[in-house]
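Residue numbers (my numbering): 200 to 640.
As structure tokens, the structure follows; a few thoughts come after it.
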């Protein structure tokens, strides 16, 4: 982002923190997400959109809204500017004669390529409160809550997959990077389970950040020490942990970085995003996604305790039908998704898995010694898969090549005059003076 953009975002953050209305001050604050892709906004863009006013976290481009049946940006609505590095581009494929290749529908064929040099790009996005026809916020929140895994279960996975273990302490939360131990007081020493979860997440973030050389606990600069709070906010939003409740969380450094070093705050937000990417990759690897999916359906080999009997899924029949056996009698029957018996067995399976995981957490088993190598969840520094890099989010950009500065004409959103009147980010002198007052306590 430009220096001017960083200054305005930092100024807004200072204002919100002074009023106790920043994302760091409101437990359960939903960070911005694109409902058309299901992906969260990232880094400084996430902070900027989170502080725009509407409590609806859904944001999208004009084109994305227009591509949804029944969705329409309200006339006169003004977009909010975000900025990011574009690392990929979609180009047209040519034949041997240099003519465009066509697909079966006679449309030009295109290919997604990686740019040699990332290009800084701007886009305007609109909040769901500006979109006609979009489902109500309550419906979105209910659907999200129903599909979100248990926060404590997710935390347990983060600890396990980052190759650490949790041990009890009578002191403050902390960690030992060399011994790969996270020290936590007993859960009942916290006011609520949510506070314990937040405290554990904060230590996991610091541990993982140092482990991946993205956080240096010995660097006492405000920007460096702000990274864990930012990363905890980002990943906490994804897994349902209210990071704001962590008693040991350090917000003074976030505030000081916003006041004194807006450009360093951007770097801190980027590194915090990299930490988030790493942790997100741990619990969303293909193996983890497959395991999570298998927890939500009946699969061959499942043995389920239900109504004081034990049932085993013996095999697949036609389509999604399954053959199930009552192990007490040997009787076999068919169960299909949508059947009452299928739903009952699935609920019993899910409850059994929850009980088993709770018992495992209570027992606090030692870390398996069979892990001979650390899982390689490489950090996507170039964010090829993130929302903002999708071609339909691009307003316009220029790319330097050997022939000089050429304007890319593809993928340009067609905004009406009303949308084009959005002012550039503009930090005035008065806001700059207010930054020096310090956060009110």
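Positions of the beta carbon are idealized from the N, C-alpha and C atoms, including for glycine.
Note that the structure is a prediction, hence the values are computed from the model and not measured.
For residue i, count neighbouring Cβ atoms within 10 angstroms of its own Cβ and tell me buried if that reaches 16, exposed if not.
{"i": "residue 325", "result": "buried"}
{"i": "residue 312", "result": "exposed"}
{"i": "residue 299", "result": "exposed"}
{"i": "residue 307", "result": "exposed"}
{"i": "residue 528", "result": "exposed"}
{"i": "residue 353", "result": "buried"}
{"i": "residue 501", "result": "buried"}
{"i": "residue 345", "result": "exposed"}
{"i": "residue 235", "result": "buried"}
{"i": "residue 211", "result": "buried"}
{"i": "residue 202", "result": "exposed"}
{"i": "residue 221", "result": "buried"}
Report yes if the CB atom of residue i is closer than 8 Å to the CB atom of residue j, and no otherwise.
{"i": "residue 533", "j": "residue 516", "result": "yes"}
{"i": "residue 213", "j": "residue 458", "result": "yes"}
{"i": "residue 330", "j": "residue 249", "result": "no"}
{"i": "residue 223", "j": "residue 216", "result": "yes"}
{"i": "residue 401", "j": "residue 363", "result": "no"}
{"i": "residue 244", "j": "residue 464", "result": "no"}
{"i": "residue 242", "j": "residue 469", "result": "yes"}
{"i": "residue 357", "j": "residue 481", "result": "yes"}
{"i": "residue 314", "j": "residue 407", "result": "no"}
{"i": "residue 240", "j": "residue 280", "result": "no"}
Rounded to a whole number of angstroms, what is the C-alpha to C-alpha distance between residue i and residue j?
{"i": "residue 260", "j": "residue 238", "result": "13 Å"}
{"i": "residue 270", "j": "residue 276", "result": "14 Å"}
{"i": "residue 503", "j": "residue 347", "result": "23 Å"}
{"i": "residue 303", "j": "residue 295", "result": "18 Å"}
{"i": "residue 428", "j": "residue 342", "result": "27 Å"}
{"i": "residue 553", "j": "residue 497", "result": "15 Å"}
{"i": "residue 522", "j": "residue 535", "result": "9 Å"}
{"i": "residue 530", "j": "residue 506", "result": "16 Å"}
{"i": "residue 349", "j": "residue 451", "result": "30 Å"}
{"i": "residue 591", "j": "residue 288", "result": "Note on residue 591: pLDDT 36, under 50, position unreliable in the model; the coordinate value appears next. Their backbone Cα atoms lie some 10 Å apart in a straight line."}
{"i": "residue 251", "j": "residue 321", "result": "17 Å"}
{"i": "residue 641", "j": "residue 284", "result": "Here the chain comprises residues numbered 200 to 640, so residue 641 is not present and cannot be evaluated."}
{"i": "residue 359", "j": "residue 316", "result": "37 Å"}
{"i": "residue 542", "j": "residue 513", "result": "17 Å"}
{"i": "residue 442", "j": "residue 378", "result": "25 Å"}
{"i": "residue 404", "j": "residue 524", "result": "45 Å"}
{"i": "residue 520", "j": "residue 495", "result": "16 Å"}
{"i": "residue 393", "j": "residue 455", "result": "27 Å"}
{"i": "residue 438", "j": "residue 309", "result": "36 Å"}
{"i": "residue 318", "j": "residue 511", "result": "56 Å"}
{"i": "residue 549", "j": "residue 440", "result": "21 Å"}
{"i": "residue 444", "j": "residue 209", "result": "23 Å"}
{"i": "residue 328", "j": "residue 282", "result": "21 Å"}
{"i": "residue 425", "j": "residue 551", "result": "40 Å"}
{"i": "residue 462", "j": "residue 372", "result": "30 Å"}
{"i": "residue 266", "j": "residue 247", "result": "25 Å"}
{"i": "residue 509", "j": "residue 555", "result": "16 Å"}
{"i": "residue 396", "j": "residue 433", "result": "15 Å"}
{"i": "residue 305", "j": "residue 290", "result": "16 Å"}
{"i": "residue 390", "j": "residue 410", "result": "30 Å"}
{"i": "residue 218", "j": "residue 453", "result": "15 Å"}
{"i": "residue 413", "j": "residue 227", "result": "26 Å"}
{"i": "residue 467", "j": "residue 355", "result": "26 Å"}
{"i": "residue 268", "j": "residue 518", "result": "31 Å"}
{"i": "residue 286", "j": "residue 293", "result": "22 Å"}
{"i": "residue 374", "j": "residue 207", "result": "35 Å"}
{"i": "residue 448", "j": "residue 332", "result": "40 Å"}
{"i": "residue 547", "j": "residue 351", "result": "20 Å"}
{"i": "residue 603", "j": "residue 446", "result": "Summary for residue 603: the model assigns pLDDT 40, below 50, so the residue's position carries little reliability, and this model does not support an answer."}
{"i": "residue 566", "j": "residue 416", "result": "Residue placement at residue 566 is flagged as unreliable, the pLDDT there being 39, under the threshold of 50; the coordinate-derived value follows with that caveat. The alpha-carbon atoms of residue 566 and residue 416 are separated by roughly 25 Å."}
{"i": "residue 376", "j": "residue 436", "result": "25 Å"}
From what residue to what residue does the beta strand (DSSP E) around residue i run?
{"i": "residue 367", "result": "364 to 367"}
{"i": "residue 322", "result": "309 to 326"}
{"i": "residue 458", "result": "That residue, residue 458, is in no beta strand (DSSP E); its alpha helix (DSSP H) goes 451 to 459."}
{"i": "residue 653", "result": "Because the chain in this structure spans residues 200 to 640, residue 653 falls outside the shown range and cannot be described."}
{"i": "residue 182", "result": "The question about residue 182 has no answer here: the residues shown for the chain are numbered 200 through 640."}
{"i": "residue 439", "result": "Segment: none, residue 439 is in no beta strand (DSSP E) and carries neither H nor E."}
{"i": "residue 532", "result": "531 to 534"}
{"i": "residue 515", "result": "508 to 515"}
For the alpha helix (DSSP H) containing residue i, list its first residue and its last residue.
{"i": "residue 445", "result": "Looking at the DSSP string, residue 445 is not in any alpha helix (DSSP H), and its letter there is neither H nor E."}
{"i": "residue 523", "result": "Element bounds for residue 523: not the alpha helix (DSSP H) but the beta strand (DSSP E), 521 to 525."}
| message | Quick check: the stretch 418 to 426 against the stretch 365 to 380, are at least 3 beta-carbon pairs closer than 8 Å? | response | no
- prompt: Would the stretch 330 to 341 and the stretch 251 to 268 be scored as touching if the rule is three or more Cβ pairs under 8 Å?
  reply: yes
May I ask you to verify whether the stretch 467 to 482 touches the stretch 378 to 392, counting CB pairs closer than 8 Å and requiring at least 3? no
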